[in-house]
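Residue numbering for the sequence shown follows full-length UniProt numbering, beginning at 1 and increasing consecutively. Note that the Cβ used here is the ideal one computed from N, Cα and C, for glycine as well.
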Amino acid sequence: MAEVALNVHSQLAALSERGHFVCGTEPDHFVENVFLAGRNGEAFSRLADSAFGQIAHIHGIWTAFEWRAYRAARKRGAKVAISPHGALEPWALNHKWLKKRLAWWAYQHSMVTNADLLIVNSEQELRHLRMLGLRGAIAVIANGVDIDTTSAGYGAEEGLREKVVLFLSRLTAKKGILDLLDAWHRLADKNGYSLHIRGFGETEYEDLLRRRIDELGEGPTVKLLPAVFGAEKWEAYRRASAYVLPSYSENFGITVAEAMIGGLPVITTKATPWSAVERERLGWIVDNDVEQLRACLQTVVHMDADALRDIGERARQFAHERFMWPQIIEKYIATYAWLGEPGNTPPPWVNTDL
Numbered sequence: 001m002a003e004v005a006l007n008v009h010s011q012l013a014a015l016s017e018r019g020h021f022v023c024g025t026e027p028d029h030f031v032e033n034v035f036l037a038g039r040n041g042e043a044f045s046r047l048a049d050s051a052f053g054q055i056a057h058i059h060g061i062w063t064a065f066e067w068r069a070y071r072a073a074r075k076r077g078a079k080v081a082i083s084p085h086g087a088l089e090p091w092a093l094n095h096k097w098l099k100k101r102l103a104w105w106a107y108q109h110s111m112v113t114n115a116d117l118l119i120v121n122s123e124q125e126l127r128h129l130r131m132l133g134l135r136g137a138i139a140v141i142a143n144g145v146d147i148d149t150t151s152a153g154y155g156a157e158e159g160l161r162e163k164v165v166l167f168l169s170r171l172t173a174k175k176g177i178l179d180l181l182d183a184w185h186r187l188a189d190k191n192g193y194s195l196h197i198r199g200f201g202e203t204e205y206e207d208l209l210r211r212r213i214d215e216l217g218e219g220p221t222v223k224l225l226p227a228v229f230g231a232e233k234w235e236a237y238r239r240a241s242a243y244v245l246p247s248y249s250e251n252f253g254i255t256v257a258e259a260m261i262g263g264l265p266v267i268t269t270k271a272t273p274w275s276a277v278e279r280e281r282l283g284w285i286v287d288n289d290v291e292q293l294r295a296c297l298q299t300v301v302h303m304d305a306d307a308l309r310d311i312g313e314r315a316r317q318f319a320h321e322r323f324m325w326p327q328i329i330e331k332y333i334a335t336y337a338w339l340g341e342p343g344n345t346p347p348p349w350v351n352t353d354l
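Okay, structure coming up:
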């Protein structure tokens, strides 16, 4: 969420679209026009009116910070847009469901119902919000890949690709990593490939993954590696031959877009909003099923390197045309303009089917 919010803010600033960035704690790098509201939003009431504009775009829900941001924006007469960032997806709602159900009826339902606009990242997330009974305007705007770092993911030199299937994301049960380990273990012949799992998560879950790798005896072919960022992340994409994300839920899945920019064919699941992977021949889509995942991985590790490269190049072109921030920010600008003057015809990506 923070990365998306920062990118929207910085892209607007680069286009001379003045905006203010209100966050809980001091950012770790310079951010133009930043205001601090405290980790729990306790300082919102003390912020000057100049910290708010005509439109307040709130990223995230459930915490006191977002609730106080909403109240402060309303008090100052601002229109409110909210990006749930997947927090209302079925899997997310079922996680810690009792606590969330209490919060939903105490304040969260009122907040999202009365927002002037909800912004989601996929048609799938839009459908799920409609299923929750949310009838207001909803904009569908994909997440963008940071254009300042993608140069390291372009143009993999001939022969640089290694026999690596890469998973790069948060280490959490939702991502289907245990399914991935079981499917990998069942491969009849790995054809010299290894599986690299990169990411960060809670210590207990990382320990669970290590134990499972040891139980399966896959230490020689599976590497559990630290998270990487910036140029090191793009180097990981550039050296791999395929990307896998067997998630049980994604409102978008930015690492899929990143992997495509890095020139990788993608394996993911029907639980993600990436039906285009199959439709555009950019990789493979499976159910959350270990046997289907195994069969798909078996196909990939025995595929000719040139064929994999061709799929990866299609994926690169597809993602480059759709998920770079210069294209994405234009949609935000048009959406904000419409929200400021809602009597105008909404942009085509704003769903007002009330």
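Span of the beta strand (DSSP E) around residue i
i, result
"H59", "I55 to H59"
"Y79", "Sequence inspection shows Lys at residue 79; the Tyr mentioned does not correspond to that position. Looking at the DSSP string, the run of the beta strand (DSSP E) that includes K79 is K79 to S83."
"K174", "Neither: K174 is in no beta strand (DSSP E) and is coded neither H nor E."
"F21", "F21 to C23"
"L225", "V222 to L225"
"L117", "L117 to V120"
DSSP-derived helix/strand/coil call for residue i
i, result
"T269", "strand"
"W284", "strand"
"L129", "helix"
"Y193", "coil"
"G230", "helix"
"G201", "strand"
"E35", "Note that residue 35 is Phe in the sequence shown here, rather than Glu. Strand."
"L134", "coil"
"A142", "coil"
"K96", "coil"
"N7", "helix"
"Y332", "helix"
"L180", "helix"
"A240", "coil"
"L339", "helix"
"L12", "helix"
"L209", "helix"
"L245", "strand"
Cβ pair residue i, residue j closer than 8 Å
i, j, result
"R211", "G263", "no"
"H185", "F167", "no"
"A5", "F44", "no"
"V80", "D116", "yes"
"G144", "M260", "no"
"I55", "Y332", "no"
"H9", "A51", "no"
"V112", "V300", "no"
"E278", "I267", "no"
"R239", "F200", "no"
"L129", "L93", "no"
"L118", "G133", "no"
"P246", "L293", "yes"
"F252", "A142", "yes"
"G53", "A78", "yes"
"L98", "I329", "no"
Terminal residues of the alpha helix (DSSP H) in which residue i lies
i, result
"F65", "A64 to K75"
"F167", "Careful: F167 lies outside any alpha helix (DSSP H), inside the beta strand (DSSP E) at V164 to L168."
"I261", "I254 to I261"
"V112", "H109 to N114"
"A305", "A305 to R322"
"L88", "Looking at the DSSP string, L88 is not in any alpha helix (DSSP H), and its letter there is neither H nor E."
"R279", "A276 to R279"
"T299", "V290 to V301"
Close-in-space but distant-in-sequence residues of the same chain around residue i (CB under 7 Å, 5 per side omitted)
i, result
"G312", "G263, L264 and P265"
"L178", "R212"
"G38", "G24"
"W91", "K174, Y248 and S249"
"A227", "R198, G199 and F200"
Proximal residues to residue i (C-beta, below 8 Å), its chain only, five neighbours per side dropped
i, result
"A305", "R161 and S241"
"L225", "H196, I197 and R198"
"R281", "I311 and R314"
"D49", "R76"
"A276", "L282 and F318"
"L47", "V22, F35, A37 and A72"
"L209", "L171, I177, L178, L181, I197 and L224"
"P347", "A139, K331, A334, T335 and W338"
Neighbourhood of residue i by C-beta, 6 Å cutoff - its chain only, sequence neighbours within 5 removed
i, result
"R68", "G41 and F44"
"V222", "L195 and I213"
"H302", "N191"
"L181", "R212"
"P84", "I61"
"E66", "I58 and G60"
"Y243", "L166, A259, L264 and V266"
"E32", "A13"
Residue i Cβ short of 7 Å to the ligand ATP heavy atom set
i, result
"L166", "You won't find the ligand ATP in this model; it holds no ligand whatsoever."
Test: residue i CB closer than 8 Å to a CB of chain B
i, result
"D116", "Among the chains in the structure shown there is no chain B, since it carries only a single protein chain."
Three or more C-beta pairs under 8 Å: does that hold for the stretch 268 to 278 against the stretch 107 to 125? Counting C-beta pairs with one atom in each stretch, the stretch 268 to 278 and the stretch 107 to 125 have three or more that are closer than 8 Å, which means they touch.
Tell me, please, whether the stretch 44 to 62 touches the stretch 1 to 17 by the rule of three or more beta-carbon pairs shorter than 8 Å. yes
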